[in-house]
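J.:
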Amino acid sequence: MAYILQQLLQKSAARYPEKLAVWARGSSLSYRELEQRSNQLAHLLQERGVRKGDRVGIYFPKCVESVVAMLGIVKAGGVYVPLDPQAPVDRIGYIIGNCGIRVLITREDKRRGLDSATLESLAFTVLIDEAPKSLNGGAVVPWRMLGEYPAESAPQVVLTETDLAYILYTSGSTGRPKGVMLTHQNALTFVEWCADIFKITSDDRLSNHAPLHFDLSVFDVYNALEAGASLYMVTEDLALFPAKLASFIEAQGITIWYSVPSALTLLLLHATLSAEKLNRLRIVLFAGEVFPMKYLQQLAQLLPHVDLFNLYGPTETNVCTYYKVERERLGSMDKLPIGIACENTEVFAVNDQNEIVTEAGGTGELYVRGPSVTHGYWADAEKTKKMVLPNTFQPNFEEKMYRTGDLVQLAEDGNYYFLGRRDSMIKSRGYRIELGEIESALLSHASVKEAVAIAIPDEIVGSRIKAVVSFHDGVTLTAPELQQYCGTRIPRYMIPEAIVFRGQLPKTSTGKVDRVQLAQESMQPAATLVAP
Amino acid sequence: MSATEQTPATQSTLKDQIREFIQVQLAEPKGITTFTDEESLMETGVIDSLGIFRLVSFLEEEMRVRVSDEEINAETLKSVNTIEELVIRKRK
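Listed in order, the protein sequences are those of chains U and S.
Note that our numbering numbers the first sequence so that position 235 is 235, with each residue one more than the last.
Whatever position you read off the second sequence (first residue = 1), add 1000 for our numbering.
1) Hey, could you find the ends of the alpha helix (DSSP H) U:Leu442 is sitting in?
2) If we define contact as Cβ-Cβ less than 8 Å, is S:Glu1062 a contact residue for chain U?
3) In or out: U:Gln46 buried (at least 16 other Cβ within 10 Å) or exposed?
4) Cβ of S:Ile1072 less than 8 Å from any chain U Cβ?
5) What in chain U is Cβ-close to S:Val1036, meaning under 9 Å?
6) Of all the CB atoms in chain U, is at least one closer than 8 Å to the CB of S:Thr1082?
7) Name the chain U residues that come within less than 8 Å of S:Ile1052, Cβ to Cβ?
8) Smallest Cα separation from U:Val79: which of U:Lys52, U:Glu65, U:Ser171 and U:Lys466?
9) Could you check how far apart the C-beta atoms of U:Gly313 and U:Leu216 are, in whole angstroms? I think they sit under 8 Å.
10) Any heavy atom of the ligand MG closer than 7 Å to the CB of U:Ile197?
11) How about S:Thr1033: is its C-beta nearer than 8 Å to some C-beta of chain U?
12) Do we get a CB-CB distance below 8 Å when we pair S:Ile1022 with the residues of chain U?
13) One question on the structure: do U:Leu168 and U:Val180 come within less than 8 Å of each other, judged by their Cβ atoms?
14) Please tell me whether S:Glu1043 has its Cβ less than 8 Å away from any Cβ of chain U.
15) Output the distance between the C-alpha atoms of U:Val191 and U:Ala224, rounded to the nearest integer angstrom.
16) List the residues of chain S whose Cβ lies closer than 8 Å to the Cβ of U:Pro533, in chain order.
17) Less than 8 Å between CB atoms is the rule here; does S:Glu1028 satisfy it with respect to chain U?
18) I need the DSSP call for U:Ile499, collapsed to helix, strand or coil.
19) If we ignore side chains and look at the alpha-carbon of each, how far apart do S:Lys1030 and U:Cys486 end up?
20) The alpha helix (DSSP H) that contains U:Asn223, what's its start and end?
21) Looking at chain U, is there any beta carbon in it that lies within less than 8 Å of the beta carbon of S:Ile1018?
22) In chain S, which residues lie less than 7 Å from U:Lys244 when you measure between Cβ atoms?
23) So is U:Asp204 buried or exposed if we call it buried at 16+ other beta carbons inside 10 Å?
24) Examine the Cβ distances between the region 238-245 of chain U and the region 406-426 of chain U and report whether three or more of them are shorter than 8 Å.
25) Please check the pair U:Val408 and U:Leu442, which I expect to be a contact at CB under 8 Å, by giving their CB distance rounded to whole angstroms.
26) So which residues on chain B does U:Gly93 lean against when the C-beta distance must stay under 9 Å?
27) Return the CA-CA distance between S:Leu1050 and U:Leu114, expressed in angstroms with no decimal places.
28) U:Gly487 versus chain S: which residues are under 7 Å apart at the beta carbon?
29) Assign U:Gln504 to one of two classes, buried (16 or more other C-beta atoms within 10 Å of its C-beta) or exposed (fewer than that).
30) Cα separation between S:Thr1004 and S:Met1063?
31) Hey, quick one: how far does the alpha helix (DSSP H) through U:Lys294 stretch, first residue to last?
32) Please check if any C-beta of chain S sits within less than 8 Å of the C-beta of U:Pro61.
33) Check the DSSP bridge columns for U:Met401 and list the partner residues they point to.
34) With a threshold of 8 Å between beta carbons, is U:Leu266 in contact with chain S?
35) For a cutoff of 8 Å on Cβ pairs, would you count U:Gln298 as touching chain S?
36) In chain U, which residues lie with their C-beta within 9 Å of the C-beta of S:Ser1079?
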């Protein structure tokens, strides 16, 4: 049995060397090629000083080299950190500094975009494209150097399942992203459950719609490797065009699709999906946000031959519950359950009296325990202590449990239903967004006095973000100016699409900004919001 | 209503209109202020999955061209230049 991720590839490469392992943008790698190139990359990294536990960043738009990088890094004993290629360089610089990345695998245009302090902090970078003739700062290794390293086996590194495999950064309420640390065991617990329940075989073709810094991609990449199946990466030239995307699913014969619901909704609304054309598709998984019932019902009708699953789980637990859509009940349901716990995972709701909810109808905050749960956040003991707690419901030995911050209800049939958040985290297109992080970005501008970010529910993307801002006396900015400023601090999906300016923000009786009033005003159709 | 209905637009004003729409409606709300006419609007993140449909509505309603599903792709909608080419081609 595999206990570290690279063994999944090793096994499939031995069994299906000539089979297509990964396809992206018209290029592909066979299992043999993927195994050999990742071995070579591991040797290169190790020779140049990467040691067990070292963080290595992956910073380029996804392509077949992304998978080589992920596997090469773990084979060298390293911990990979996928960095959003579209994020502001300030945020990338923060992450590189936060988890002490000293080696970056990137593309020349992305490398050049980084600030000089970040570049100087790196020991070296590996470029997936050719190195330019003149370079500023730092050693650069071109991808073709891989050819000079042994391909047949990976370097010797002693790893156990409790070693870190990767760190995924998500939005943090205090204004900076936080790095969720995941071990090989965290990932494999989920991958093995998926392999079993979805009965994935080497005949399957998996899509990879989610970006690699998003935990949905863990399923795509590692379950494909686990089964010796083929992975088809959906890049932006496909993802943005529903009609093209539908033809891609059909032409590549995708059998298992996994994405956020909004991607499926856009396919439904702007492409022609037919069961006849998508006859190879057998499973559609979705996660990351609530799927509007109306569209799920349409999808279920259009694709009667496909099994639909709602997966639920914060990055800290990967996926912890699932619900297989019951078509016969779908018409009478007004809300989709998040379901029951995955195998080798326990979930329970804890009510305000700090008791586990056992009765149907009871509500509480969802807690998760088991081998899929993270050890916490990189270099943030305080935040870790708040979210990954000693399991006081089990007194026999020390153990951790994760509090999700999600309020749930236990239904009669044993399924849990998501009710809402305890805090101000929201979802938009499946991305976790802390409204506090947006507010911090706005407030960091010297002219801004007060700022509140508001989530407006949206049928397709989950939430749209608006902001209400007041300025210090004597200064004003336009919405585009403030949006541009935000663009240097937070990713695009977090930037408020509309910003309203007020002389001052309404206050509650205790003198705090009245968020409830602002949110209510913003929900009204003819609200005082001005488009940027 | 678009001014292009009364007076046939010269190619430069057509490009200006396209650029302005993208600038104001798609780029600025994402904090992006500069992009060139050649640059890929998808790679830079100016156009996202919902932006595509706002762009297509703009082309159909303001530019008065009918865009088919097949034409909504990464080649025709790549940059300001390719979008202008699409409009010119459709108006012929």
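C-beta atoms are modelled at their ideal positions from N, C-alpha and C, and glycine is treated no differently.
T.: Inspection of the coordinates gives the following:
1) Leu435 to Leu443
2) no
3) buried
4) yes
5) Here residue 1036 of chain S is Thr; the residue named in the question, Val, does not match the sequence. Ordered by position in chain U, no residue passes the 9 Å Cβ test against S:Thr1036, which lies about 14 Å from the chain.
6) no
7) Leu240 and Phe241
8) U:Lys52
9) Contact flag wrong, Cβ pair sits at about 10 Å.
10) For the ligand MG, the structure offers nothing, since it holds no ligand at all.
11) yes
12) no
13) yes
14) yes
15) 10 Å
16) A question about residue 533 of chain U goes unanswered here, because the residues of chain U that appear run from 1 up to 532.
17) yes
18) strand
19) 8 Å
20) Leu216 to Ala227
21) no
22) Asn1073
23) buried
24) no
25) About 31 Å; that fails the 8 Å criterion.
26) Absent here is chain B; the protein component of the structure consists of chains U and S.
27) 28 Å
28) Lys1030, Gly1031 and Ile1032
29) exposed
30) Any reading at S:Thr1004 must be qualified, since the residue scores a pLDDT of 42, below 50, and its modelled position is unreliable; no value is offered.
31) Met293 to Leu302
32) yes
33) U:Leu389
34) yes
35) no
36) Per Cβ cutoff of 9 Å: no residues; S:Ser1079 is ~13 Å from chain U at best.
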